[in-house]
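Residue numbers (the working numbering), protein chains in the order written: chain A, 1 to 97; chain B, 1 to 142. Taking it in order: structure first as structure tokens, then the write-up.
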Amino acid sequence: MADSANLPPLRIVGTASCVGGKHPDPPIDKHPLLCWGVSHPVHGSKVFTNDQRASVEDIAIAACETPNLDTLAAKFGTTAEHVRQAIDYALAAKFLG
Amino acid sequence: MDTLTSTANSMLNLIATAAGSTPYMMIYSGTAPSKSGGSYQSATSSGATLLATLPMSNPIGPAASAGVLTLSAITTETGAYTGTPSFFRICTTNTDGTGGANCIAQGTAGVGSGELNFSSQISAGGNVSVTTGMTITNPAAS
């Protein structure tokens, strides 16, 4: 005969939800000419062209005024492909609509 | 084995007493640390990430009835990190303490599963809300 007895475990039932918040940054692995760089104490890290000529954010802003890859590349001292990838990423990250 | 309902209620009321006057619900992602020697371990010991810290009512609920402790309102807070909740803790303060010493209870969580069932993952900066009416039941009363 057993000399001990067990009480059943407690049952917990609850529901919860989470609404809003920061949208996760899209991955950059499809943009080989981009990289994360420079951690700022307030603004955090940003995605840059891998030649460190400009951030995606700066290129996205400039693209609103100058919608030409070659002109933007010349402005930032990088290549048109770097600019194209930066704009593509800016669209994915919803910097640009 | 079962007990008198009044005894089961007393057991649940001990949980409310143990939670103290400044209780928090801590919600984590990652692996929940197992108990060791009857004590909880620090959540960081298993590499878990604290996603959200929600103040609970004082006491955490009114006296248990019919073997059920129904938790009073838990304050909505914003998530600190983005992640999928996997377990939660009830702690006596807003940290689980050295070696998990402030943790008095732990349960499972998940998206669409778990004792604390979330409708979606937690997002950094998003509001995390536990629906009023969460219950802890002591089946020993039945």
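No residue lacks a Cβ here, since even glycine has one placed at the ideal position from N, Cα and C.
Backbone secondary structure at residue i - three-state DSSP
| i | result |
| --- | --- |
| B/Q106 | strand |
| B/N138 | coil |
| B/T5 | helix |
| B/G117 | According to the sequence shown, residue 117 of chain B is Asn rather than Gly. In this structure, B/N117 counts as strand in the three-state DSSP scheme. |
| B/G99 | helix |
| A/K94 | coil |
| A/I12 | strand |
| B/P52 | Rather than Pro, the amino acid found at residue 52 of chain B in this sequence is Ala. Reduced to three states, the DSSP call for B/A52 is strand. |
| A/T49 | strand |
| B/I60 | coil |
| B/A43 | helix |
| B/S65 | strand |
| B/T22 | coil |
| B/V70 | A small correction: the amino acid at residue 70 of chain B is Thr; Val does not occupy that position in the sequence shown. B/T70: strand per DSSP, three-state reduction. |
| A/T79 | coil |
| A/T71 | helix |
| A/Y89 | helix |
| B/N127 | strand |
| B/S10 | helix |
| B/I90 | strand |
Reference residue i, options the options, closest by Cα
| i | options | result |
| --- | --- | --- |
| B/G100 | B/V130, B/A43, B/F88 and B/G133 | B/A43 |
| B/Q41 | B/I104, B/A63 and B/P59 | B/I104 |
| B/N13 | B/F87, B/S65 and B/N127 | B/S65 |
| B/I122 | B/T84, B/G107, B/T3 and B/T131 | B/T84 |
| A/V19 | B/T76, B/G114 and B/T135 | B/T76 |
| B/L71 | A/L7, A/P8 and A/I12 | A/I12 |
| B/N127 | B/S39, B/N9 and B/I74 | B/I74 |
| B/T22 | B/D96, B/S129 and B/G114 | B/D96 |
| B/S113 | B/S6, B/F88 and B/I15 | B/F88 |
| B/N102 | B/I90, B/G110, B/S36 and B/V111 | B/I90 |
| B/T78 | A/L96, A/G21 and A/P9 | A/G21 |
| B/N9 | B/S39, B/A63 and B/S86 | B/A63 |
| A/I28 | A/F76, A/S4 and A/V56 | A/V56 |
| A/L10 | B/G38, B/S45 and B/G67 | B/G67 |
| B/S39 | B/T98, B/E115 and B/T135 | B/T98 |
| B/V111 | B/G125, B/M1, B/T135 and B/S86 | B/S86 |
Rounded Cβ spacing between residue i and residue j (contact assumed at less than 8 Å)
| i | j | result |
| --- | --- | --- |
| B/N117 | A/T15 | 5 Å |
| B/S142 | A/S17 | With a Cβ gap of about 30 Å, B/S142 and A/S17 do not count as contacting. |
| B/Y24 | B/T93 | 7 Å |
| A/V83 | A/L69 | 5 Å |
| B/M11 | A/N6 | Contact flag wrong, Cβ pair sits at about 14 Å. |
| A/P8 | B/P139 | 4 Å |
Cut-off 7 Å between Cβ atoms - residues of its own chain near residue i, not counting five sequence neighbours on either side
| i | result |
| --- | --- |
| B/T49 | Y28, S29, G30, Y81 and G83 |
| A/L72 | I59, A62, A63, T66 and V83 |
| B/F61 | The identity of residue 61 of chain B in the sequence shown is Gly, whereas the question assumes Phe. Closer than 7 Å at the Cβ level, and outside the excluded window around B/G61, lie A16, L69, T70, L71 and S72. |
| A/D51 | T78 and H82 |
| B/A18 | I104 |
| B/M26 | L50, T53, F88, R89, C91 and D96 |
| B/T137 | G67 and V68 |
| B/T7 | none |
Own chain partners of residue i with C-beta closer than 6 Å, once the 5 adjacent residues on each side are dropped
| i | result |
| --- | --- |
| A/Q85 | H31, L33 and L34 |
| B/G20 | T92 |
| A/I87 | A63 |
| A/R53 | F76, G77 and T78 |
| B/T108 | F87, G114 and E115 |
| B/G47 | G30 |
| B/M134 | L71 |
Residue-chain proximity (residue i, chain C), Cβ-Cβ < 7 Å
| i | result |
| --- | --- |
| B/A48 | In the structure shown, chain C does not exist; the protein chains are A and B. |
8 Å CB neighbourhood of residue i in its chain, flanking five on each side removed
| i | result |
| --- | --- |
| B/T5 | A66, G67 and A141 |
Take every Cβ of the stretch 85-93 of chain A, pair it with every Cβ of the stretch 43-57 of chain B, and state whether three or more of those distances are shorter than 8 Å.
no
Within 8 Å, do at least three Cβ pairs link the stretch 18-33 of chain B to the stretch 51-60 of chain A?
no
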